[in-house]
Amino acid sequence: NENEKSSTLSRYDYITLISLILETLLGSLGNSFIVAVNLCDLLTHGELNSFDLILTCLGLSRWVLQFLVLTVFVISIGWKSSGSKYSESLQYSWLFYSNSSMWFATWLCVLYCVRIANIQNFIFNLLKKHFDRLLPWFLMASVAISVVFNSTETGDEPFFLGSKNFASFSTLCALGSLPPFLIFCTAALMVVSSLMKHVQKMKEQEKTGFREPSVKAHYGAVMSIGLFFIFYLFYMVTFNIYISQTVDSSLVKCFCAVTIGAYPSIHSLFLVHGNNKLRYIMVGFLKKVCCFGQECFLPWSSSTPNRLAANPITCAVLQIFGKPGLLGGPENQGWDPLS
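For the sequence shown, the UniProt record's numbering assigns the number 1 to the initial residue and increments by one for each residue that follows.
Structure follows, in structure tokens:
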């Protein structure tokens, strides 16, 4: 029977499935929050700044990508025999949203670069001057390129089960992700180079403290870029290992699947944490949820931490996303140098 489910699932399959479901829930909440906040701003003010526009596109693409990851895994472990008829649409969708999210994150990195880096170069200064006006065209071009680097060819089996068309699919993955990755690395190196020159200049002027206001922006950008680089590198490596099915170890497969799911979900939560506007709205929302039915609308006071402590889950989230000194915790100014 074509729809007959595979016999038994290993404990690693259950661990992976539970992990992907949790990542999908977190990712959908985080990305939906990003999109909802920015759409409200769009309706209120009639426009979005460059940073919010990129975050909105990134949140939308990652929201879909997150559910695709979960769907592919469920089909691969449960309905292998019937998965082939979904191969074409899944292959097209996965490549498109994966490449699109990569491009959007690349433009986020470029935005950090043009806002922060101080480089005397004609082309760079031209891009810096006209970036906001050109950004919508960059985003549309990114979507068009992502469409081009997709394959609608199918083999006897879906690509994610180790099919014979894996080589051509991997080639398309590499070709589609290489241009944005090279642009990303170039922008990242320019930010790091600008940071090093700025720190050296501060030392020459006998200034002290790494976190001077002008250095915070560089430091925040480097942190954001570094996090994205780590997430995407792990995503690409584990993605190719997983779909090739060249590794027999269930533990390795479990690690690969969980890492693939972490890319569009966990990194988006870091973006929320690093943006002052998003973090402020998140904290305000969590405070009202936490204090629901317990004098929600009272102003923040010395007794507020005791009320929040009644809900340990929300308390823990507030410790992560909270304002400086929240619940007695250390200061956390965030990483976003643009907000």
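Built from N, CA and C at the ideal position, the CB exists for glycine as well.
On the criterion of 16 or more Cβ atoms from any shown chain inside 10 Å, does residue i qualify as buried, or is it exposed?
i, result
"F160", "Residue placement at F160 is poorly supported in this model, since its pLDDT is 47, which falls under 50; the coordinates still yield a value, given next. The residue in question, F160, is buried, as its Cβ has 16 or more Cβ neighbours within 10 Å."
"residue 363", "Examination of residue 363 is not possible in this model, given that the chain is present from 1 through 339 alone."
"P136", "exposed"
"V247", "exposed"
"A188", "buried"
"E204", "exposed"
"C40", "exposed"
"K201", "exposed"
"M196", "exposed"
Measuring alpha carbon to alpha carbon, tell me which residue in the options is nearest residue i.
i, options, result
"H267", "Y235, V143, N276, F255", "Y235"
"residue 346", "L65, Y92, I75", "Since the first residue shown for the chain is 1 and the last is 339, residue 346 is missing from the structure and cannot be characterised."
"I75", "L17, H273, T246", "L17"
"C57", "I15, L70, W103", "W103"
"Y92", "L269, E23, G176, L42", "G176"
"V110", "I183, A141, L43, Q120", "I183"
"A141", "H273, A174, P179", "P179"
"C185", "C256, I281, Y112, I15", "Y112"
"Y219", "C256, G274, F73, Y242", "G274"
Between the beta-carbon of residue i and the beta-carbon of residue j, is there less than 9 Å?
i, j, result
"F239", "A105", "no"
"L118", "H45", "In the sequence as displayed, the identity of residue 118 is Asn instead of Leu. No."
"S150", "L126", "Per the sequence shown, the amino acid found at residue 150 is Asn instead of Ser. Not in contact: N150 and L126 (Cβ atoms no closer than 9 Å)."
"F285", "A262", "no"
"A221", "I77", "no"
"S98", "C254", "no"
"K277", "V35", "no"
"L139", "L271", "no"
"P108", "L55", "The residue you asked about is not Pro; residue 108 is Leu in the sequence shown. Contact: yes."
"V258", "E23", "yes"
"V143", "K128", "no"
Can you give the beta carbon distance from residue i to residue j, rounded, assuming they're within the 8 Å contact cut?
i, j, result
"S265", "G27", "3 Å"
"T94", "L68", "The residue asked about is misnamed: residue 94 is Trp in this sequence, not Thr. Sure, about 5 Å apart at Cβ, within 8 Å."
"V147", "F181", "That pair is no contact at about 18 Å."
"I225", "V252", "Between V252 and I225 the Cβ distance is about 28 Å, and since that is not below 8 Å, they are no contact."
"I21", "L70", "7 Å"
Would the stretch 41 to 56 and the stretch 121 to 138 be scored as touching if the rule is three or more Cβ pairs under 8 Å?
Between the stretch 41 to 56 and the stretch 121 to 138 there are three or more inter-stretch CB-CB distances shorter than 8 Å, so the stretches are counted as touching.
Pairing CB atoms from the stretch 31 to 41 with CB atoms from the stretch 6 to 15, are three or more of them under 8 Å?
Short answer: they don't touch.
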